[in-house]
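Undergrad:
There are 2 protein chains.
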Amino acid sequence: MDSSQFRQAAHTAIEDIIQYYDNIHERPVLPSTSPGYLGPLLPDSAPQEGEEWSKIQADIERVIMPGLTHWQSPNFMAFFPCNSSFPGMLGEMYSSAFNSAAFNWICSPAVTELETIVMDWVAKLIALPDCYLSKGEGGGIIQGTASEVVVTAVVAARERFLRKRLADMEEGEEKLDKMAEMRGKLVALGSEHAHSSTQKAAIIAGTRFRSVPAPKESNFKVTGAALRKTIEELKSKGLEPYYFTATLGSTATCALDDFEGIAEVLKDYPDLWIHVDAAYAGSALVCPEYQHLTPVFANFDSFNFNLHKWLLVNFDCSAFFIKKRRDLTDTYSITPSYLRNEFSDSGLVTDYRDWQIPLGRRFRSLKAWFVLRTFGVNGLRSFIRRHIKLGEYFHSLLLGRKDLFMVQTGPDFALTTFSVNPRKLKHSATSADRPDPSHEAYLNDFTAGAEGQYRAEANEVTKAVYEKVNSRAEFFLTSTVICGIYIIRVVSATLSSEEKYLKRVFEVLIEAAEEVLRDREKGSERAEAKL
Amino acid sequence: MDSSQFRQAAHTAIEDIIQYYDNIHERPVLPSTSPGYLGPLLPDSAPQEGEEWSKIQADIERVIMPGLTHWQSPNFMAFFPCNSSFPGMLGEMYSSAFNSAAFNWICSPAVTELETIVMDWVAKLIALPDCYLSKGEGGGIIQGTASEVVVTAVVAARERFLRKRLADMEEGEEKLDKMAEMRGKLVALGSEHAHSSTQKAAIIAGTRFRSVPAPKESNFKVTGAALRKTIEELKSKGLEPYYFTATLGSTATCALDDFEGIAEVLKDYPDLWIHVDAAYAGSALVCPEYQHLTPVFANFDSFNFNLHKWLLVNFDCSAFFIKKRRDLTDTYSITPSYLRNEFSDSGLVTDYRDWQIPLGRRFRSLKAWFVLRTFGVNGLRSFIRRHIKLGEYFHSLLLGRKDLFMVQTGPDFALTTFSVNPRKLKHSATSADRPDPSHEAYLNDFTAGAEGQYRAEANEVTKAVYEKVNSRAEFFLTSTVICGIYIIRVVSATLSSEEKYLKRVFEVLIEAAEEVLRDREKGSERAEAKL
Numbered sequence: 001m002d003s004s005q006f007r008q009a010a011h012t013a014i015e016d017i018i019q020y021y022d023n024i025h026e027r028p029v030l031p032s033t034s035p036g037y038l039g040p041l042l043p044d045s046a047p048q049e050g051e052e053w054s055k056i057q058a059d060i061e062r063v064i065m066p067g068l069t070h071w072q073s074p075n076f077m078a079f080f081p082c083n084s085s086f087p088g089m090l091g092e093m094y095s096s097a098f099n100s101a102a103f104n105w106i107c108s109p110a111v112t113e114l115e116t117i118v119m120d121w122v123a124k125l126i127a128l129p130d131c132y133l134s135k136g137e138g139g140g141i142i143q144g145t146a147s148e149v150v151v152t153a154v155v156a157a158r159e160r161f162l163r164k165r166l167a168d169m170e171e172g173e174e175k176l177d178k179m180a181e182m183r184g185k186l187v188a189l190g191s192e193h194a195h196s197s198t199q200k201a202a203i204i205a206g207t208r209f210r211s212v213p214a215p216k217e218s219n220f221k222v223t224g225a226a227l228r229k230t231i232e233e234l235k236s237k238g239l240e241p242y243y244f245t246a247t248l249g250s251t252a253t254c255a256l257d258d259f260e261g262i263a264e265v266l267k268d269y270p271d272l273w274i275h276v277d278a279a280y281a282g283s284a285l286v287c288p289e290y291q292h293l294t295p296v297f298a299n300f301d302s303f304n305f306n307l308h309k310w311l312l313v314n315f316d317c318s319a320f321f322i323k324k325r326r327d328l329t330d331t332y333s334i335t336p337s338y339l340r341n342e343f344s345d346s347g348l349v350t351d352y353r354d355w356q357i358p359l360g361r362r363f364r365s366l367k368a369w370f371v372l373r374t375f376g377v378n379g380l381r382s383f384i385r386r387h388i389k390l391g392e393y394f395h396s397l398l399l400g401r402k403d404l405f406m407v408q409t410g411p412d413f414a415l416t417t418f419s420v421n422p423r424k425l426k427h428s429a430t431s432a433d434r435p436d437p438s439h440e441a442y443l444n445d446f447t448a449g450a451e452g453q454y455r456a457e458a459n460e461v462t463k464a465v466y467e468k469v470n471s472r473a474e475f476f477l478t479s480t481v482i483c484g485i486y487i488i489r490v491v492s493a494t495l496s497s498e499e500k501y502l503k504r505v506f507e508v509l510i511e512a513a514e515e516v517l518r519d520r521e522k523g524s525e526r527a528e529a530k531l
Numbered sequence: 001m002d003s004s005q006f007r008q009a010a011h012t013a014i015e016d017i018i019q020y021y022d023n024i025h026e027r028p029v030l031p032s033t034s035p036g037y038l039g040p041l042l043p044d045s046a047p048q049e050g051e052e053w054s055k056i057q058a059d060i061e062r063v064i065m066p067g068l069t070h071w072q073s074p075n076f077m078a079f080f081p082c083n084s085s086f087p088g089m090l091g092e093m094y095s096s097a098f099n100s101a102a103f104n105w106i107c108s109p110a111v112t113e114l115e116t117i118v119m120d121w122v123a124k125l126i127a128l129p130d131c132y133l134s135k136g137e138g139g140g141i142i143q144g145t146a147s148e149v150v151v152t153a154v155v156a157a158r159e160r161f162l163r164k165r166l167a168d169m170e171e172g173e174e175k176l177d178k179m180a181e182m183r184g185k186l187v188a189l190g191s192e193h194a195h196s197s198t199q200k201a202a203i204i205a206g207t208r209f210r211s212v213p214a215p216k217e218s219n220f221k222v223t224g225a226a227l228r229k230t231i232e233e234l235k236s237k238g239l240e241p242y243y244f245t246a247t248l249g250s251t252a253t254c255a256l257d258d259f260e261g262i263a264e265v266l267k268d269y270p271d272l273w274i275h276v277d278a279a280y281a282g283s284a285l286v287c288p289e290y291q292h293l294t295p296v297f298a299n300f301d302s303f304n305f306n307l308h309k310w311l312l313v314n315f316d317c318s319a320f321f322i323k324k325r326r327d328l329t330d331t332y333s334i335t336p337s338y339l340r341n342e343f344s345d346s347g348l349v350t351d352y353r354d355w356q357i358p359l360g361r362r363f364r365s366l367k368a369w370f371v372l373r374t375f376g377v378n379g380l381r382s383f384i385r386r387h388i389k390l391g392e393y394f395h396s397l398l399l400g401r402k403d404l405f406m407v408q409t410g411p412d413f414a415l416t417t418f419s420v421n422p423r424k425l426k427h428s429a430t431s432a433d434r435p436d437p438s439h440e441a442y443l444n445d446f447t448a449g450a451e452g453q454y455r456a457e458a459n460e461v462t463k464a465v466y467e468k469v470n471s472r473a474e475f476f477l478t479s480t481v482i483c484g485i486y487i488i489r490v491v492s493a494t495l496s497s498e499e500k501y502l503k504r505v506f507e508v509l510i511e512a513a514e515e516v517l518r519d520r521e522k523g524s525e526r527a528e529a530k531l
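Here the protein sequences line up with chains C and L, keeping their order.
The numbering of the first sequence is UniProt numbering, which starts it at 1 and goes up by one.
The numbering of the second sequence is UniProt numbering, which starts it at 1 and goes up by one.
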């Protein structure tokens, strides 16, 4: 493919992409393909001779499109968003053209330096404390995903803990044995609602994991008291907590851990590495109304959020900020002779490979730079606020149908979670119409186990409603179970999100709920008739 | 930026990229920027209001281009290549448009299924044994870098080793203590010339690392005997080797370890995980003339090579093949309730997140698919063979000037390494012109230490020549030290590589060598005159 063929091919690809974005709301958000759909559509080995672009391009619509889940669709309300944007795509285009494995400064100085500058921009944009800027002892680095960041922090925390505790021991066999013994006693901690990446990171690091309770009574957040209690319990068993993921916006409900309380605990356990995982909700910190949250982070060790979730930079772009970059380089720096060069040796440059697990690096700051400049601070703020408002709107719809739905959390950072009320069976038919939450019907029944029965039945109908909605493929939602409560999550935060889509998903939810409840009542009546 | 602004912007970006590729040979391959060049050229925070594309685009040429190292330039002969290509860029464009965090099948079935199919294509293309295909118990997955692959394999190897050894122990405190104790005795192994990523992976895994000798006498390869000796030494000390990186194309010289010998050793130590790192040279396996190397890999556990190095898929695209995918999922699979879905639960689909460290995944198979189809098997073979020939050409040039240069290794996979001969000082002036290697002047001097003196002086002049060439920024080469020998590496394997660039770099090397040797002789004469 020469330059002029590329020009032609790229123009057609751009038209494809524009068409895709302009009409994305018309496609069912979920594919209707079955597992293994693609195999029969493709040959089982690469072609012997090269093929024309037109043939390759036609296969996008023929075989790829039917298997895509459309994360950019306004009907995508599952997980958290993963927003792309036109300027982000332009950044990726240049990045793939300037293609390099930029593992150190001399491999492409612009790749390193733009990343340092853009990460400083981002730190300021979200009002992180100054200690996370590159001017001092800290700085930011782009990683692929929040889960990679967590592994990177956990392993660095493990090594820092051992270095501190064993600083006085001489190097040698005995120290290695002692390190192994201590490693076996180390415990990484995270909220019971923290993302599973902390548990996975603990496995990778070869240490233990323990979750810190964050019950409904504390709004699913880890309090300082709960963290302290867990630490004390572990220490009383001879175990050593060395790391804690504090969550700013948990996966299930967007809960915020009690950062002030956690900072208090840290005074008594200064060797604990506290990492703040703000993967999704961190983007909201671009708005001044959320920035009261950040000063306390000066007490912690590291912070990350994903610009590829809610800040319009296409995947992958997870911003990882560290207070003392030595805490990373002390673990990750290894310099064999083929990577030595005068610049790195001088200490005047940053070699980001020494801050991370992989060696090679893509030019990811380019797309972040394009997005920040194209939208500007104000553009990003209004983007976030638009979704906050949509969350409030959806929440208000739920409140208008307390007979059917019970809000469980939110709206928090545009996410609302709720369950479906099971109508108590064998009511008089008319009572189903009253606006009180169905929950009360169970609570007013003072027999033992009424609450438990309500929960079991609510979980059952909520799950049925959730499955019914997703099976229609018009909307994509996710559900989860939190402290025994089955909840449906709705978060609408794509570039194309609008009130009308939330109005529509609400209608679909009502229809599904009515159907599920009606079927359940019919089933119950039939069962009764048989008796 | 709306659709029509994007169209316009993308067209200008494509023209930029075409210009860049068409004229890349005219740019100095290395930037002349000093550390910190970029800071003063940019504002220190994101703009408050959005900016126009024309302003952003102009900054590419103004501030980014001066700081780029041009890896696509025919004058880039450093490290290993990192080739992009037009079809690869098109794949990246679509991938950034279809943007998703495809951590499981339902997140976008096409992302998972195309990856499985394309990795099978690749396995067949390079003649990997059938056990690495997805049909059986194995399969391929795309990772970012070879170093990530090595960490993933090392941690999985550690856990598999412990699972096997402690299979009979009941879960509980005692087992956890025993695991920690055993982990402290585990040793990851790699050739002394293996990439530093194995050592780094061992640190991350919290285990020890030991290198296996691969001296000049065995052509810098690890033999079965050397591996066995290292294992036996370690075991006699109560340590447990659990993992070995076998190298197909070492970083310094493209050495191949003795795979047949290693497979023999494995019969006696079946718990050892053998990973084959073919990061660069693996691409040559597309040519039948290299495929005799692969049958023995059926004895090993995993294999990887980087399509982003020598197979025209833009960075990042490291193909990781595993013989038993359970060896990965047994370590990396954790499924919290918010990631559960009927498809994953059914076991009918692949969830690649369970094969790897991070959760989220990009749609990287698209660019690999485009490249394989555009070039076809034959196109890729001639691409590789062209560079093999260029390597032979450069090698022949070196042989023509044995007075100045001594080939150390190669040409292997297009890489030749060499050192510069120091002329023995105080020769008669005429003897400098004879074609014999200067080394002989030292060897014919039967005084003690002549060989050592030769090596010290050769290292000194080779380093000086290397630095002189790179400082001119016309070519970018790398050097390294291997078994005490300072070598310059030349590998020319970009899309735009041609004989004329190798001819030119050879002229530059001659000039530099003559200058360095002349200056050295003058310095020596001056020193003598002073006496």
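Glycine is no exception: its CB is placed at the ideal position from the N, C-alpha and C atoms.
None of the values given here were measured: they were computed from a predicted structure.
(1) Is the beta carbon of residue 496(C) closer than 8 Å to that of residue 72(C)?
(2) What's the gap between the Cα of residue 4(L) and the Cα of residue 86(C)?
(3) Indicate whether the contact test is met: 3 or more Cβ pairs, each with one atom in the region 74-91 of chain C and one in the region 368-375 of chain C, closer than 8 Å.
(4) Given that residue 310(C) touches chain L, what residues does it touch there, using C-beta distances under 7 Å?
(5) Given a threshold of 16 other Cβ atoms within 10 Å of its Cβ, counted over all protein chains shown, does residue 240(C) qualify as buried or as exposed?
(6) Threshold first: 4 residues or longer. Then list the alpha helix (DSSP H) segments lying entirely within the region 433-486 of chain L, N to C.
(7) According to the neighbour-count rule (16 or more other Cβ atoms, all chains shown, within 10 Å of its Cβ), is residue 171(C) buried or exposed?
(8) Could you check the C-alpha separation between residue 49(L) and residue 376(C) for me, to the nearest Å?
(9) In chain order, what residues of the same chain have a beta carbon less than 8 Å from the beta carbon of residue 14(C), not counting five sequence neighbours either side?
(10) Starting from the beta carbon of residue 72(L), find every residue of chain C whose beta carbon is closer than 7 Å, and list them in chain order.
(11) Does residue 288(L) pass the burial test, meaning 16 or more other C-beta atoms within 10 Å, or should it be called exposed?
(12) At the level of alpha carbons, what is the spacing between residue 518(L) and residue 524(L)?
(13) With a CB to CB cut of under 7 Å and the five nearest residues on each side skipped, what residues in its chain are close to residue 435(C)?
(14) Should residue 280(C) be flagged as near chain L, meaning a C-beta pair shorter than 8 Å?
(15) Would you mind sorting residue 528(C) into buried or exposed? The rule is 16 or more other CB atoms within 10 Å of its CB.
(16) Closer than 7 Å by beta-carbon distance: list the chain L residues that pair up with residue 89(C), in chain order.
(17) My assumption, with CB atoms under 8 Å, is that residue 271(C) sits in contact with residue 164(C). Please give the rounded CB distance.
(18) Roughly how many whole angstroms lie between the Cα atoms of residue 348(L) and residue 476(C)?
(19) Measure from the alpha carbon of residue 303(C) to the alpha carbon of each residue in 501(C), 312(C), 279(C), then state which is nearest.
(20) Under a CB-based cut-off of 8 Å, is residue 20(C) close to chain L?
(21) Cα separation between residue 126(L) and residue 138(L)?
(22) Just the chain C side, please: which residues come within less than 7 Å of residue 45(L) by C-beta, in chain order?
(23) Could you run through the region 202-236 of chain L and flag, in chain order, every residue whose CB is less than 9 Å away from some CB of chain C?
(24) So the beta strand (DSSP E) residue 246(L) belongs to, where does it begin and stop?
(25) In chain C, what lies closer than 8 Å to residue 105(L) by C-beta?
(26) DSSP state of residue 42(C), grouped into three classes?
(27) For residue 422(L), count the other beta carbons within 10 Å of its own beta carbon; 16 or more makes it buried, fewer makes it exposed. Which is it?
(28) I need the straight-line Cα distance from residue 362(C) to residue 100(C), nearest angstrom please.
(29) Quick one: what does DSSP say residue 409(L) is sitting in, helix, strand or coil?
(30) Within 10 angstroms of the Cβ of residue 444(L), are there 16 or more other Cβ atoms? Answer buried if so, exposed if not.
(31) Could you tell me whether any Cβ in chain C is nearer than 8 Å to the Cβ of residue 247(L)?
(32) Can you check whether the CB of residue 128(C) is closer than 8 Å to the CB of residue 321(C)?
(33) By Cβ distance, which residues of its chain are closer than 8 Å to residue 473(L), with the 5 residues on each side in sequence left out?
TA: Reading off the structure:
(1) A distance below 8 Å separates the beta carbons of residue 72(C) and residue 496(C).
(2) For residue 4(L) and residue 86(C), the distance between alpha carbons rounds to 11 Å.
(3) The region 368-375 of chain C and the region 74-91 of chain C touch, with three or more beta-carbon pairs separated by less than 8 Å.
(4) Per Cβ cutoff of 7 Å: no residues; residue 310(C) is ~12 Å from chain L at best.
(5) That one is buried.
(6) The region 433-486 of chain L contains these whole alpha helix (DSSP H) runs: 439-443, 450-471.
(7) Per the 10 Å Cβ criterion, exposed.
(8) For the pair residue 49(L) and residue 376(C), the Cα-to-Cα distance works out to about 4 Å.
(9) Take residue 14(C), set aside five residues on each side of it, and no residue of its chain has a beta-carbon closer than 8 Å to its own.
(10) Within chain C, the residues near residue 72(L) are 99.
(11) Taking every protein chain shown into account, the CB of residue 288(L) has fewer than 16 other CB atoms within 10 angstroms, so this residue is exposed.
(12) If I take the Cα positions, the gap works out to 10 Å.
(13) Note that residue 435(C) scores 48 on pLDDT, short of 50, meaning its location in the model is unreliable; the coordinates nonetheless yield the value given after this. 402, 403.
(14) Interface with chain L (8 Å Cβ-Cβ cutoff): residue 280(C) is excluded.
(15) Flag for residue 528(C) reads exposed.
(16) Within chain L, the residues placing a beta-carbon under 7 Å from that of residue 89(C) are 93, 96, 97, ordered along the chain.
(17) With 8 Å as the limit, residue 271(C) and residue 164(C) qualify as a contact, their Cβ atoms being about 6 Å apart.
(18) Approximately 21 Å between the Cα atoms of the pair.
(19) Out of 501(C), 312(C), 279(C), 279(C) has the C-alpha closest to the C-alpha of residue 303(C).
(20) By this cut-off, residue 20(C) is an interface position.
(21) Distance from the CA of residue 126(L) to the CA of residue 138(L), rounded to the nearest whole angstrom, comes to 16 Å.
(22) Residues of chain C whose Cβ lies closer than 7 Å to the Cβ of residue 45(L) are, in chain order, 121, 124.
(23) Flagged, chain order: 203, 204, 205, 206, 207, 208.
(24) Residue 246(L) -> beta strand (DSSP E) spans 240-247.
(25) Going along chain C in sequence order, the residues near residue 105(L) (Cβ under 8 Å) are 35.
(26) Correct three-state label for residue 42(C): coil.
(27) By the 16-neighbour rule on beta-carbons within 10 angstroms, residue 422(L) is buried.
(28) In this structure, the CA atom of residue 362(C) is about 7 Å from the CA atom of residue 100(C).
(29) Residue 409(L): strand per DSSP, three-state reduction.
(30) The residue in question, residue 444(L), is exposed, as its Cβ has fewer than 16 Cβ neighbours within 10 Å.
(31) Residue 247(L) does not count as touching chain C.
(32) Against a cut-off of 8 Å, the Cβ pair of residue 128(C) and residue 321(C) comes out as a contact.
(33) Close CB contacts of residue 473(L) within its chain, under the 8 Å cut and outside five residues either way in sequence, are with 28, 29, 30, 31, 32 (chain order).
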